[in-house]
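Numbering of the sequence shown is given in the numbering used here, commencing with residue 2 and proceeding in unit increments. C-beta: ideal position from N, C-alpha, C; glycine also. Note that the coordinates shown come from a computational prediction; the quantities given were computed from them, not determined experimentally. Data first, discussion second: the structure below is written as structure tokens.
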Amino acid sequence: MKDLMGKAIWDYYHNENPEDLQTETSISELDELPVEYLFRDFEEMNEVEQKALESAEGKVLDIGSGAGSHSLYLQNERNLEVLALDISPKSIEICKLRGIKKAVCENMLDFSGETFDTVLLLMNGTGIFQSLSKIDTYLQKLHTLLNENGQVLIDSTDILYMFDRDEDGGVYIPAGAYYGELDYVVHYKEESEDPIKWLYLDFTTLQKAAENNSFSIEKILQDEDAYLAKLTKK
């Protein structure tokens with residue numbers, strides 16, 4: 002991993018000629034991601050993010066923390082104990098420089114030793130699951146990270162709207178795989194990461210997987226095609 006997302010975050014924080022990130026997927030063209038977006042405050046966040054941050058309670062694990070904007074709000078405005086977790090070394094360095102008291106660079110599957118009242122996965126939190134074939138592994142890991150009465154707050158988007166439809170409303174979906182399984186590529190300053198697997202889940206599919214892994218699940222917000230779900234131990 003070249004850690005291009007982390008490099009962009011580092012450059013922006015240190016004002017070292019930052020540029021916009023570019024992202025693309027296997028079903029979408031190149032798109033600009035302004036790096037300052039990763040440093041947004043609560044008022045600039047979307048409704049799903051705001052609802053999740055307002056619903057967090059107790060000791061919080063922020064998985065995929067990036068530049069730390071969610072963690073900072075919970076720590077500084079909600080006065081919650083927060084641990085920011087990300088696989089990007091430079092992002093975690095910036096989290097610490099921004100004042101996050103606990104920030105760890107590690108894959109969530111390898112992280113252990115603590116449990117939490119709230120586990121937060123935002124900005125298409127289901128993406129980290131990679132594919133339907135791995136979702137059980139990740140959900141079982143999340144189960145071990147929760148305190149007995151804890152909650153997982155996770156968001157995603159049903160991307161069915163991105164596929165072509167026929168005159169009768171039928172959707173043209175590629176055969177052989179779930180339509181939310183995508184290849185995702187990040188570009189920054191003429192460098193490109195290797196493609197990673199990234200998973201968008203419709204709520205019904207997430208619901209079935211959660212229930213199969215000893216979770217109860219509730220949709221707590223729907224915002225057009227995006228949603229926020231709450232998972233608790235059965």
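Between the alpha carbons of Ile160 and Cys96 lies a distance of about 31 Å. Close CB contacts of Leu81 within its chain, under the 6 Å cut and outside five residues either way in sequence, are with Val61, Leu75 (chain order). The three-state reading of DSSP puts Glu55 in helix, counting H, G and I together.
Excluding five sequence positions before and after Thr206, the CB atoms of its chain that fall closer than 8 Å to its own CB belong to Leu133, Tyr179, Gly181, given in chain order.
Nearest C-alpha to His15 among Phe40, Ser29, Leu31: Phe40. Ala57 is positioned such that its CB atom lies closer than 8 Å to that of Thr119.
Membership of Leu207 in the alpha helix (DSSP H) is indicated by the continuous run 204-213. Between Met6 and Ser92, the C-beta spacing is below 8 Å. For Ser215, same chain residues with a beta-carbon under 7 Å away, outside a window of 5 residues either side, are His144, Lys234, Lys235 in chain order. Considering only Ala9, Val83, Ser89, Leu202, the residue with the shortest C-alpha distance to Lys103 is Val83. In this structure the region 183-192 does not touch the region 150-158; the number of beta carbon pairs closer than 8 Å is below three.
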